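Under my numbering, think of the first position of the sequence shown as 6, with each following residue one higher. C-beta atoms are modelled at their ideal positions from N, C-alpha and C, and glycine is treated no differently. Nothing here was measured: the structure is a model prediction, and the numbers come from that model.
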Amino acid sequence: MAENNPPTLYLLHGDDELAASEFVTRLRAKVGDPSAVVLNMHEFNADGLDLGALAQACRAAPFLARRRLVVVRPASALVADAGRQARLEALLGQLPPTTALVLIEPRPLAKTSPLLRWAGDHADSTLVREFAVPHGEAFVRWVRQRCLQLGGDIDPQAALLLAELVGDDPRLADQELTKLLDYVDRLRPIGSEDVERLTPFGGQSNVFAMVDALGMQDGPTALNHLHRLLEDEPPQYALAMIARQFRLLLLAREAIETGQDPRPALRVHPFVAGKIAAQARRFTLPQLEDVLRGLLAMDTSIKTGQTDEKVALDAFIAGLTA
């Protein structure tokens, strides 16, 4: 692909939401200053999206900028049926060079995905990136590298402890590293004692208590713990913590269903693993799968500006205990 002919389609897939988000941030910076971005960027929730509206946004000429940026998530909803897939492919084939269409799928796409197939057939105008969350030792290395990128350093044991506490979640790790670096003022490496002091169970205790209440269908108590969590953490961070908790519950429940001890599969601190295993027994596998689908839909709705974060979280908790 020629350097002066940037892609018109960017297909981002995989479970590393932070990496995908930062990729979009870099594209946004290329649009221009913040005032130009406001005029030349559109974000859509793909669920039920009118492809005519998407086509209109893609074909519009940029205003006082070189390119227009259009972001759509989750990408898989755009090819939910054959008719929708055909309309999307027609749209993709007519993208003007002044448009950068970014399709984001928060899970790895199968090799047979029609999106990957189309991208492969149009490699001259398409960029595909898979962002996979690193796990285990690879995630610990990621934590150390991320800390360096943020202008600080972290001891190896502190990186290991932080990785355990955030459960291989890059977004949570990034936010915790920022707080820890502010705490040590970047004058010395982050140590295990710093992680123990600032990271364990700060807001997580409210997440555990909220999930306990949800398991007992106690809506008022669950909402109380949610509101206490929101007093200490921004809504997007709270949502990430809740989503991480339910992902761990799903892993634990899957192990329980197959007669295995769930704790080794969780790869978190033993104390945390024991609590999660106990909580997982209060939910069925279908319940946890429904919860995670609901969290994904809510996250997309928030990111596309369709709903307020706090209102969405309140409604989510109320819906689970109705």
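Q. Do you know how far the Cα of alanine 41 is from the Cα of asparagine 69?
A. Going by the sequence as given, residue 69 is leucine instead of asparagine. Straight-line Cα distance between these residues: approximately 7 Å.
**Q.** Cross-strand partners of arginine 233 (DSSP beta bridge)
**A.** Bridge partners of arginine 233: none, in fact.
Q.
Measuring straight from C-alpha to C-alpha, what distance separates leucine 256 and leucine 271?
A. 7 Å
Q.
I'd like the ranges of any alpha helix (DSSP H) spanning at least 4 consecutive residues and lying wholly in the region 169-198.
A. 175-189
(Q) Between which residues of its own chain and alanine 60 is the CB-CB distance below 7 Å, once the five residues before and five after are set aside? (A) Leu96
Q. Which residues in the same chain as aspartate 199 place their Cβ atom closer than 8 Å to its Cβ, once the five residues preceding and following it in sequence are excluded?
A. Ala163, Leu185, Tyr188, Val189
Q: Check whether the Cβ atoms of leucine 254 and alanine 243 sit closer than 8 Å, and answer yes or no.
A: At a Cβ-Cβ threshold of 8 Å, leucine 254 and alanine 243 do not count as neighbours.
**Q.** Spatial distance of arginine 89 from tryptophan 123 (CA atoms)
**A.** 14 Å
Q.
Please list the terminal residues of the continuous beta strand (DSSP E) segment that includes alanine 238.
A. The amino acid occupying residue 238 in the given sequence is glutamate; alanine does not appear at that position. It is not in any beta strand (DSSP E) - glutamate 238 carries neither H nor E in the DSSP assignment.
Q | Sub-8 Å separation of aspartate 173 and valine 138 beta-carbons | A | yes
Q | Contact set for arginine 252: own chain, Cβ-Cβ below 8 Å, skip 5 residues either direction | A | If the five residues before and after arginine 252 are omitted, its C-beta is found closer than 8 Å to the C-beta atoms of Gly172, Leu297, all from its own chain and listed in chain order.
**Q.** Beta-bridge partners of asparagine 45, as assigned by DSSP
**A.** DSSP, once it has assigned bridges, lists no residue as partnering asparagine 45.
Q. Can the beta-carbon of phenylalanine 49 be found closer than 8 Å to that of threonine 309?
A. yes
Q.
Taking a contact to mean a Cβ-Cβ separation below 8 Å, would you say alanine 65 touches arginine 73 in this structure?
A. Contact flag set, yes.
Q. Does DSSP put alanine 105 in a helix, in a strand, or in coil?
A. Of the three classes helix, strand and coil, the one that applies to alanine 105 here is strand, per DSSP.
Q) Any idea what DSSP makes of leucine 56, helix, strand or coil? A) helix
Q: Let me know the beta strand (DSSP E) ranges lying completely inside the region 69-120, each 3 residues or longer, listed in chain order.
A: 73-78, 104-110
Q.
Check for me: the beta strand (DSSP E) holding valine 133 runs from which residue to which?
A. 131-135
(Q) I'd like to check one pair, leucine 325 with proline 240: are the Cβ atoms closer than 8 Å? (A) no
(Q) Between the alpha carbons of alanine 25 and leucine 17, how many angstroms are there, rounded? (A) Rounded to whole angstroms, alanine 25 to leucine 17 spans 7 Å at the Cα level.
Q.
Please report whether the beta-carbon of alanine 283 lies at a distance below 8 Å from any beta-carbon of chain C.
A. Note that chain C does not occur in the displayed structure, where there is just one protein chain.
Q: Ignore the nearest five residues each way along the sequence and tell me which others in leucine 182's own chain have a CB closer than 8 Å to its CB.
A: For leucine 182, the CB contacts under 8 Å within the same chain, skipping 5 residues up- and downstream, are Val148, Arg151, Cys152, Leu155, Gly157, Ile159, Leu167, Ile195 in chain order.
**Q.** Sequence-distant residues of its chain with Cβ nearer than 7 Å to glutamate 22 (five each side left out)
**A.** Pro111, Arg176
**Q.** DSSP-derived helix/strand/coil call for leucine 300
**A.** Three-state DSSP puts leucine 300 in a helix.
Q: Round the Cβ separation of alanine 282 and proline 267 to the nearest angstrom and send it over; I've been treating them as touching at under 8 Å.
A: 5 Å
Q. Alpha helix (DSSP H) containing leucine 16: first to last residue?
A. Segment 14-18 is the beta strand (DSSP E) holding leucine 16; no alpha helix (DSSP H) there.
Q: Below 6 Å CB to CB, which residues in the same chain sit around leucine 83 once its five sequence neighbours on both sides are set aside?
A: Ala51, Leu93
Q.
Taking its Cβ as the centre, do 16 or more other Cβ atoms sit within 10 Å of glutamine 284, making it buried, or is it exposed?
A. buried
Q: Determine, using beta carbons only, whether phenylalanine 288 and arginine 249 come nearer to each other than 8 Å.
A: Cβ atoms of phenylalanine 288 and arginine 249: not closer than 8 Å.
Q: From the DSSP output, in three-state form, read off asparagine 50 for me.
A: strand
**Q.** Cutoff 8 Å; reference valine 273; Cβ partners in own chain excluding five residues on either side
**A.** Glu169, Leu170, Gly172, Leu253, Ile281
Q | Sequence-distant residues of the same chain with beta carbon closer than 7 Å to threonine 204, five excluded per side | A | Leu167, Leu170, Glu181
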